[in-house]
Amino acid sequence: MSPPRKLHIKSYGCQMNVYDAQRMVDALTPEGFVETANVDDADLVILNTCHIREKASEKVYSELGRLRVARDEAASHGRRMQIAVAGCVAQAEGEEIIRRAPVVDVVVGPQSYHNLPQLLARADRDGRALETEFPIDDKFGVLPQPAPDAIRARGISAFVTAQEGCDKFCTFCVVPYTRGAEMSRPVAAIVEDVKRLAENGVREITLIGQNVNAYHGDGPDGRAWSLGRLVRRLAEIPGIVRLRYSTSHPNDVDEDLLAAHRDLPALMPFVHLPVQSGSDRILAAMNRKHTADDYRRVIDRFRSASAVIAFSSDFIVGFPGETERDFSATLALVAQIGYAGAYSFKYSPRPGTPAADMPEMVPAAVMDERLERLQQLIDQQQSAFNKAAIGRTVEVLFERAGRKPGQIVGRTAYLQPAHVMAPDSIIGQVLPVRVDSLERYSLLGELASATSRPADAMAATGA
Ligand code: SF4
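Numbering (full-length UniProt numbering), first residue to last: 1 to 463.
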């Protein structure tokens, strides 16, 4: 038997990329690859790139320069190192990478990771291999499966792709260009993945997709199923106690999804619903296709479906042409909604997007100052939300041992980390925790007895 080949993946960017790295490992494990944390040791190095920032491709080329040195060093010891570029830069600039970087053996777009073994073989045969076409068949439905050992090693919480790509074309975003049109995996494929994960100890599933609530996968009845219907089916799978989904667009929130929040205890009452701005003028320039009031109405519909629901969001500060008045509208929206947390960023142009050519760039100092004001408000809301848990009993799904001896760490329904002193045997269980105090963003407490009153409902702050 030949010795295992070593694989090193360096991932940049979003959660989707972290998950995609697992998909690549899953595709390559049957070929005899094992992961290594040491790039110099690797027989195959994959740069899993992100196109979200300016100069993303320049960073890839400078990383490839460093890898060329590592590859030459390996060659001097008689060892071959193959180099692949994956992710959104590979998708957007594959031909250019092949032309400019002879050190690269394989360029592979996100929809083709299942073909990695064949691409490596093709690179062996032909010298190089490039695959960045968006698939036109249903290959997307069938993803490489992790081995049972790999599932167990990754813990009790897992991501499952439900959908990829986006048809919304927000003017600041590269996703429609790098990940292609919206595609949904068939219900049966997702159910099979989740069953397999549950059989190997996974208790919590997060369905992911760039626009996951636009999900419209083929159902077993031959019809397109909505995300709400899919979630309902997954909640029936033995062993699955928590379901989440991310990321959603306000325009794609439908009655099925709201009903699922109303009816399913397993569907966590914590929704990431990006709005980006509170100004209708800026929302129109962003091509978000909704107004701030439309967004408020969607939030109200969620709150009518579940009184304990809480929200997080994404904000872009300093989009081209944003005035102080526009920014004040964003602050007003945040103050009104009351978030449990949110991500906020300064606008930075992404090459190839319509917004990158918009005039009226907001000066950097103004962006800095606005971002600080917005983050202060969000921090206050997050901190109030977390403080509201003190003195309450909340349900925690325990995930792993903590840093201190005897400490076990889990998460609440709202993804707040919670720490208790308890035996390891509670890992994988949802148990009530009496929260005593807060340490930064983590809740500290102790296991409440099984007979204590059920987990408190915590409404979002500002509701
Ligand atoms: S909906 Fe999200 S993924 Fe789609 S274009 Fe807009 S920001 Fe990008």
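Ideal placement from N, C-alpha and C gives every residue a C-beta, glycine not left out.
Practice task
From the DSSP output, in three-state form, read off His419 for me.
Solution key: strand
Handout entry: Residue closest to Glu439, alpha-carbon to alpha-carbon, out of Lys387, Ala422 and Thr412
Key = Answer by Cα proximity: Lys387.
Exercise for the section: Provide the residue(s) that pair with Asp105 in DSSP beta bridges, ordered along the chain. Expected result: Answer by DSSP bridge pairing: none, since Asp105 is not bridged.
Exercise for the section: Locate the beta strand (DSSP E) running through Tyr314, then write down its first and last residues. Expected result: Per the sequence shown, residue 314 should be read as Asp rather than Tyr. Here the beta strand (DSSP E) through Asp314 covers Ala310 to Val317.
Handout entry: Residues of its chain near Asp63, where Cβ-Cβ distance is below 7 Å and the 5 sequence neighbours each way are ignored
Key = Here residue 63 turns out to be Glu, not Asp, going by the sequence shown. Same-chain partners within the cutoff: Leu47.
Problem - the segment 315 to 335 in contact with the segment 387 to 404 per 3-pair CB rule at 8 Å - result: no
Exercise for the section: Counting only the same chain and skipping the five closest in sequence on each side, list residues whose C-beta sits under 8 Å from that of Arg331. Expected result: A quick correction: the sequence has Leu, not Arg, at residue 331. Answer for Leu331: Gly278, Arg373, Leu374 and Leu377, listed in chain order.
Exercise for the section: Using the DSSP secondary-structure output, state which residues sit across from His272 in a beta bridge. Expected result: Under the DSSP definition of a beta bridge, His272 partners with Ser312.
Problem - alpha helix (DSSP H) segment containing residue 468, residue limits - result: The structure shown does not extend to residue 468, since the chain is modelled only from 1 through 463, so no value can be given for it.
Exercise for the section: Could you pull the start and end residues of the beta strand (DSSP E) that Ile240 belongs to? Expected result: Note, Ile240: premise wrong, no beta strand (DSSP E); not H, not E.
Problem - Distance cut-off 8 Å: Asn200 Cβ against heavy atoms of ligand 1 - result: no
Problem - Pair within 9 Å by beta-carbon distance, Ala74 and Arg80 - result: yes
Handout entry: CA-to-CA distance, Asp357 to Asp379, given in whole angstroms
Key = 33 Å
Exercise for the section: Using only the heavy atoms of ligand 1, determine whether one of them is closer than 8 Å to the beta carbon of Pro354. Expected result: no
Handout entry: Separation of Arg411 from Pro417, as counted between CA atoms
Key = 5 Å
Exercise for the section: Under 6 Å Cβ to Cβ from Asp137, same chain only, skipping five residues before and after it: list those, please. Expected result: Residue placement at Asp137 is poorly supported in this model, since its pLDDT is 49, which falls under 50; the coordinates are not used for a value here.
Exercise for the section: Leaving out five residues on either side along the sequence, give the residues of the same chain with a beta carbon under 6 Å from the beta carbon of Val103. Expected result: Here the set comprises Leu64, Arg68 and Ile83.
Exercise for the section: Check each candidate in Val366, Leu443 and Ser226 and name the one with the smallest Cα separation from Lys346. Expected result: Looking at the Cα atoms, Val366 is the closest of the given residues.
Handout entry: Pair within 9 Å by beta-carbon distance, Glu96 and Ser57
Key = One thing to note: Glu96 has its Cβ within 9 Å of the Cβ of Ser57.
Practice task
Quick one: residues in its chain with C-beta nearer than 6 Å to the C-beta of Asp126, no 5 flanking neighbours on either side, listed in chain order?
Solution key: Correct list: empty, nothing qualifies.
Problem - Chain-order list of residues whose beta-carbon lies under 6 Å from that of Asn200 (same chain, five-residue window excluded) - result: Pro148, Ile151 and Arg152
Problem - Tyr414 classed as buried or exposed, judged by whether at least 16 other C-beta atoms fall within 10 angstroms - result: buried
Problem - Val45 in three-state terms, based on DSSP - result: strand
Practice task
Let me know the beta strand (DSSP E) ranges lying completely inside the segment 49 to 105, each 3 residues or longer, listed in chain order.
Solution key: 82 to 86
Handout entry: Touch test, the segment 290 to 298 against the segment 339 to 355, Cβ-Cβ under 8 Å, three pairs minimum
Key = no
Handout entry: Three or more C-beta pairs below 8 Å linking the segment 183 to 192 and the segment 249 to 259
Key = no
Handout entry: Rounded straight-line distance, which links the Cα of Arg392 to that of Gln22
Key = 37 Å
Exercise for the section: Give a single yes or no on whether Pro274 has its beta carbon closer than 8 Å to a heavy atom of ligand 1. Expected result: Correct: Pro274 has its Cβ closer than 8 Å to ligand 1.
Problem - Nearest-angstrom Cβ-Cβ length linking Leu227 and Val241, presumed shorter than 8 Å - result: No, Leu227 and Val241 are not in contact; Cβ-Cβ is about 19 Å, not under 8 Å.
Problem - One or two residues paired with Thr393 in a DSSP bridge - result: Checking the DSSP bridge columns, you'll see Thr393 partnered with Arg434.
Practice task
Provide the residue(s) that pair with Asp218 in DSSP beta bridges, ordered along the chain.
Solution key: Ala224
Practice task
Please find out if some non-hydrogen atom of ligand 1 comes closer than 8 Å to the beta-carbon of Lys195.
Solution key: no
Problem - Residue interval of the beta strand (DSSP E) (run including Lys10) - result: Arg5 to Ser11
Problem - Quiz: which residues have CB nearer than 6 Å to ligand 1 non-hydrogen atoms - result: Look at which beta carbons fall closer than 6 Å to any heavy atom of ligand 1; those residues are Cys166, Lys168, Phe169, Cys170, Cys173, Val175, Pro176, Gln210, Asn211 and His249.
Exercise for the section: Spell out the partners DSSP gives Ser344 in its beta bridges. Expected result: Phe315
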